[in-house]
Amino acid sequence: MVIGVASATTNIWIIFLSGFAAILAGAFSMAGGEYVSVSTPKDTEEAAVSREKLLLDQDRELAKKSLYAAYIQNGECKTSAQLLTNKIFLKNPLKALVEEKYGIEYEEFTNPWHAAISSFVAFFLRSLPPMLSVTIFPSDYRIPATVLIVGVALLLTGYTSARLGKAPTKTAMIRNLAIGLLTMGVTFLLGQLFSI
496 MVIGVASATT
506 NIWIIFLSGF
516 AAILAGAFSM
526 AGGEYVSVST
536 PKDTEEAAVS
546 REKLLLDQDR
556 ELAKKSLYAA
566 YIQNGECKTS
576 AQLLTNKIFL
586 KNPLKALVEE
596 KYGIEYEEFT
606 NPWHAAISSF
616 VAFFLRSLPP
626 MLSVTIFPSD
636 YRIPATVLIV
646 GVALLLTGYT
656 SARLGKAPTK
666 TAMIRNLAIG
676 LLTMGVTFLL
686 GQLFSI
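Last residue of the sequence shown? That's 691 in this note's numbering, and every number before it is there in order.
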């Protein structure tokens, strides 16, 4: 985005304010999207716990049969499933029901605030290199320096994500760089259209 603004004007304050506004808008947008995205599984997890708690309160025998069936479905033999069910019902049947039937870690629900804050911080930090380069370098070098710095960052991001995912690094690096260069090219051309 800042490349588009830098191609439209050489006024450093316009570039800085536009870039900073874009960083904040992007960071809040990513955080909001992450919050909404993670809230759905959390709601599902809480609903599953509520259903199983209600089942335990209303019909313990049916809850016991339900846990037994979950153990069978998860690969236990009938004898082991019966022994586990009897043993668990003496301790914490709600925890076992939720974990065996739904694969949910009891009382360790996904936290949408953690995801939102992480997303906000990550977006903000990843936005700093292009923002700094486009405001620090002299006007003749702003765009090339920013493209270079962002290009290196894109290559490193592609490499790191591929290594973490045990995927081919060259493909990820080229894909990341190509999409980044295309995006910067489009914003540059749009900036040229509205050049001040």
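Even glycine gets a Cβ: it sits at the ideal position worked out from N, Cα and C. Being a predicted model, the structure only gives us computed values, none of them experimental.
- DSSP places Ala-662 outside both helix and strand once states are collapsed to three, so it counts as coil.
- Every alpha helix (DSSP H) stretch that sits fully inside the segment 535-601 and reaches 4 residues is listed by chain position as 555-568, 573-586, 588-597.
- In terms of Cα proximity to Gly-646, the closest of Leu-659, Gly-499, Arg-670 is Arg-670.
- By the CB criterion at 9 Å, Ala-611 and Gly-527 fall inside the cutoff.
- Going by C-alpha positions, Tyr-601 is about 30 Å away from Phe-523.
- If you compare the alpha carbons of Leu-551, Ser-634, Met-525, Phe-584 with that of Trp-608, the shortest gap goes to Met-525.
- With contacts defined by Cβ atoms closer than 9 Å, Leu-592 and Leu-562 form a contacting pair.
- In the DSSP annotation of this structure, Phe-632 is not part of any alpha helix (DSSP H), being labelled neither H nor E.
- A buried status is given to Gly-686, since no fewer than 16 other beta-carbon atoms sit within 10 Å of its beta-carbon.
- In the three-state scheme derived from DSSP, where H, G and I count as helix and E and B as strand, Phe-615 is classed as helix.
- The C-beta separation of Glu-529 from Thr-605 comes to about 11 Å, leaving the pair out of contact by the 8 Å criterion.
- Taking 9 Å as the cut-off, the beta carbon of Ala-543 is found closer than this to the beta carbon of Ile-599.
- For Ser-502, the enclosing alpha helix (DSSP H) starts and ends at 497-503.
- The beta carbon of Ala-657 is closer than 6 Å to those of Thr-664, Ala-667 in its chain, skipping five residues each way along the sequence.
- Look at Glu-529 here: in three-state DSSP terms it is helix.
- Taking a 10 Å sphere around the C-beta of Ala-501, we find 16 or more other C-beta atoms and assign the residue as buried.
- Note that the C-beta distance between Ile-498 and Thr-641 is below 9 Å.
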